[in-house]
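What follows is a single structure, written as structure tokens, with notes after it.
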Amino acid sequence: NAGVMQNPRHLVRRRGQEARLRCSPMKGHSHVYWYRQLPEEGLKFMVYLQKENIIDESGMPKERFSAEFPKEGPSILRIQQVVRGDSAAYFCASSLQPSTLYEQYFGPGTRLTVT
Amino acid sequence: KNQVEQSPQSLIILEGKNCTLQCNYTVSPFSNLRWYKQDTGRGPVSLTIMTFSENTKSNGRYTATLDADTKQSSLHITASQLSDSASYICVVSAGGGGADGLTFGKGTHLIIQP
Numbered sequence: 018n019a020g021v022m023q024n025p026r027h028l029v030r031r032r033g034q035e036a037r038l039r040c041s042p043m044k045g046h047s048h049v050y051w052y053r054q055l056p057e058e059g060l061k062f063m064v065y066l067q068k069e070n071i072i073d074e075s076g077m078p079k080e081r082f083s084a085e086f087p088k089e090g091p092s093i094l095r096i097q098q099v100v101r102g103d104s105a106a107y108f109c110a111s112s113l114q115p116s117t118l119y120e121q122y123f124g125p126g127t128r129l130t131v132t
Numbered sequence: 185k186n187q188v189e190q191s192p193q194s195l196i197i198l199e200g201k202n203c204t205l206q207c208n209y210t211v212s213p214f215s216n217l218r219w220y221k222q223d224t225g226r227g228p229v230s231l232t233i234m235t236f237s238e239n240t241k242s243n244g245r246y247t248a249t250l251d252a253d254t255k256q257s258s259l260h261i262t263a264s265q266l267s268d269s270a271s272y273i274c275v276v277s278a279g280g281g282g283a284d285g286l287t288f289g290k291g292t293h294l295i296i297q298p
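In structure tokens, the structure reads:
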């Protein structure tokens, strides 16, 4: 499987619970990006990570949201104490080099529903 | 502020017909422009990526044009098929190393009717 993998594909959480979204980049890619997409809206950048480092988190809310990309294993987007407004599709993308110059490859997304 | 505007917001055409989607941008400095296709419930898939020096680029029935002077791009779909029903997203890169150098349009929602 050469593509970007995300899991789970669908996640339902009650208000106040934690959501953990996982992303495995394409083989050989060390640059990972997380985006959020609300219904009928465009993709909004959240955070850009390289292995073990957060490069740019300017699009991620300061509270309740965090992201990591450890040396081993997938990248994780963590949302604590979820609220209804967190319901959205979350997409992960990876690239071989910084995405502004090189192609980004997107995963299938995780659809988070907060009840 | 860097912006990407796409038009129309939505479009319905009959199978077999051609259509053209527009993208206007105010992104500086300009590095490249990309068109993505996003099927419902799926992640975006790249169609083309064009640099400053490229005016036209084709990928099967999809042809993208770029006018860097007027800061406009178009995506032309020839002989549309039902599988072309999707959202088409224009993304402009300002270069640099950070992901905030990418500006996304809201997309054009295309529906192909039989």
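Chain order of the listed sequences is A and B. Position one of the first sequence corresponds to residue 18 (this note's numbering), numbered consecutively onward. Position one of the second sequence corresponds to residue 185 (this note's numbering), numbered consecutively onward. Glycine is no exception: its CB is placed at the ideal position from the N, C-alpha and C atoms.
Along the chain, which unbroken stretches of the beta strand (DSSP E) at least 3 residues long are found entirely within the stretch 69-109 of chain A? 70-73, 82-85, 92-96
Taking a contact to mean a Cβ-Cβ separation below 8 Å, would you say B/Phe288 touches A/Gly59 in this structure? yes
Would you please verify whether the beta carbon of B/Phe236 is less than 8 Å from any beta carbon of chain A? no
Rounded to whole angstroms, what's the CA-CA distance from A/Arg95 to A/Ala36? Just pull it up for me. 6 Å
If we define contact as Cβ-Cβ less than 8 Å, is B/Pro228 a contact residue for chain A? yes
Answer yes or no: do B/Pro228 and B/Ile273 have a C-beta to C-beta separation smaller than 8 Å? yes
Strand pairing of A/Met22, partner residues [DSSP]: A/Ser41
Are the stretch 97-115 of chain A and the stretch 26-46 of chain A in contact at 8 Å, needing three or more beta carbon pairs? yes
Considering Cα atoms alone, identify which of B/Arg226, B/Met234, B/Ala270, B/Lys221 is closest to B/Ile196. B/Ala270
Assuming A/Arg39 and A/Gln23 are in contact, meaning their beta carbons sit under 8 Å apart, how far apart are those beta carbons, in whole angstroms? 7 Å
Please say whether B/Ala248 and B/Ser257 have beta carbons closer to each other than 8 Å? yes
State the start and end residues of the unbroken beta strand (DSSP E) segment that holds B/Ala270. 270-277
Just to check, is the beta-carbon of B/Lys255 closer than 7 Å to a non-hydrogen atom of the ligand NAD? Among the components of this structure there are no ligands whatsoever, and the ligand NAD is therefore not found.
Output yes if chain B places a C-beta closer than 8 Å to the C-beta of A/Pro78; else output no. no
Nearest CA to the CA of A/Val29: which residue from A/Asp103, A/Gln121, A/Gly124, A/Tyr122? A/Asp103
Closer than 7 Å, Cβ to any Cβ of chain B: which residues of the stretch 48-60 of chain A, in chain order? Tyr50, Glu58, Gly59, Leu60
To the nearest angstrom, how far is it from the Cα of B/Ile261 to the Cα of A/Gln98? 44 Å
Cutoff 8 Å: B/Phe214 Cβ touching any chain A Cβ: no
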